[in-house]
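Heads up: the structure comes next, in C-alpha cells.
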Amino acid sequence: MNDEQLLRYSRHILLDAIGIAGQARIVAARALIVGAGGLGSPAALYLASAGVGHITLADGDKVDLTNLQRQILHTQERVGQLKAVSGRTALSQINPEIEVEAISERLVGERLEALVAGADIVLDCSDNFATRHAINRACVTRRTPLVSGAAIRFSGQLSVFDSRRDDSPCYHCLFPEGEDIEEERCAVMGVFAPLTGIIGAMQAAEALKVLSGAGTPAIGRLLLLDGLTMEWRSVRFSKDATCTVCA
-16 MNDEQLLRYS RHILLDAIGI AGQARIVAAR ALIVGAGGLG SPAALYLASA GVGHITLADG
44 DKVDLTNLQR QILHTQERVG QLKAVSGRTA LSQINPEIEV EAISERLVGE RLEALVAGAD
104 IVLDCSDNFA TRHAINRACV TRRTPLVSGA AIRFSGQLSV FDSRRDDSPC YHCLFPEGED
164 IEEERCAVMG VFAPLTGIIG AMQAAEALKV LSGAGTPAIG RLLLLDGLTM EWRSVRFSKD
224 ATCTVCA
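In C-alpha cells, the structure reads:
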C-alpha cells in the first residue's frame, strides 16, 4: 500500500485483528455482489469504503422511485438508470482508488460461474430463491466463500458459507432447493428500510472478516433479527451428509 492508502485505511490498520497485513489482503481482494438493492447498497458502500480493490456489482434492474426508501446506493436523479451503473457511480465517488465493474444483467449459467471463479468473496444480496441456489452451486463448485443475507417485513437473516472448509455447510444444507418454501417479495410484503441497512452492513462485515482473516465468521450459524423487538437469535446448523450440492 502507498502512503495515501495507509492514511485512508489507518483505522483498520490500528485494529490488531486486521493490521497492515489484513488491510493489504482487503485491498488486493475481488468481491462479487449480486444485487444492488436494499442489501447490496450498504454492503457495496462498506466494501468500497473499506478498500476492497475490485468490486463487481451485478443487477439487471433499473432504479425505481420505490427503491429510494431503502436502496441507499441510488438517488432521485438516477431514477430510470440501470442499478449496477448507478451503484458504480456511488462507489467511485466514495473511493476512486478501487475498480468497480457494473454488470447490468441477471447472472445465470456459465456467466455466473465465471464471475464466481474470479472472486475472492461473493455476497448474495438477491431477493429470490432461484438466484440464491444458483449462486450457492457456483460457490460450492468454485470453492468461493459466500455471505448470504435476506430481509423482508421486519425480519432479517444472515449466514456465511465457506466451501474451502470441509466442515462448512452450504446454503442448500440450510434451505434445500425444491422444498415448498413460500417466496416473499418486498414489493408485495413490504420491508422496514433500516432492516436492509443492518443486514447489508453485516454482510459487508462478514466479508471483510473472511478477506482479512479477522475474527470468526458466521459459518454454521444462522443469525435471525426481529426488527420490531431488535432481538437476535443464533441458530446453529451443520453440513448435511446427504446434500446434493456439497456432500
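For the sequence shown, counting from 1, position 136 maps to 119 in the working numbering; every step adds exactly one. The beta-carbon is built from N, C-alpha and C at its ideal position, and this holds for glycine as well.
Exercise for review: Reducing DSSP to helix, strand and coil, say where residue 134 ends up.
Suggested key: strand
Practice item. Would you mind sorting residue 77 into buried or exposed? The rule is 16 or more other CB atoms within 10 Å of its CB. Key: exposed
Review point. Could you check where the beta strand (DSSP E) with residue 205 kicks off and where it finishes?
Key: 204 to 209
Check your understanding: Three or more C-beta pairs closer than 8 Å, one from the region 137 to 154 and one from the region 204 to 221: is that the case here?
Key -> yes
Point to revise | Spatial neighbours of residue 193 in its chain, beta-carbon cut-off 8 Å, leaving aside the 5 residues before and after | key: 104, 128, 130, 143, 145 and 200
Review point. Helix, strand or coil for residue 199 per DSSP?
Key: coil
Exercise for review: With residue 68 as the anchor, note down where its alpha helix (DSSP H) starts and where it stops.
Suggested key: 66 to 77
Point to revise | Residue environment, residue -3, which counts as buried when at least 16 other CB atoms sit within 10 Å | key: exposed
Review point. Helix, strand or coil: which one does DSSP assign to residue 90?
Key: coil
Check your understanding: Cα separation between residue 182 and residue 59?
Key -> 23 Å
**Study point:** For residue 107, the residue or residues it bridges with in DSSP
**Key:** 17 and 131
Review point. Hey, residue 90 and residue 69: beta-carbon distance below 8 Å or not?
Key: no
Check your understanding: What's the gap between the Cα of residue 102 and the Cα of residue 14?
Key -> 5 Å
Exercise for review: Report all residues from its chain with a CB closer than 8 Å to the CB of residue 11; omit the five preceding and five following residues, and keep chain order.
Suggested key: 36
Practice item. Give the DSSP-derived three-state secondary structure of residue 191 in the structure shown. Key: helix
Exercise for review: Note down the Cα distance separating residue 176 from residue 52, rounded to an integer number of angstroms.
Suggested key: 6 Å
Practice item. Under 8 Å by Cβ, that's how I've got residue 160 and residue 116 pegged, so tell me the actual separation to the nearest angstrom. Key: 5 Å
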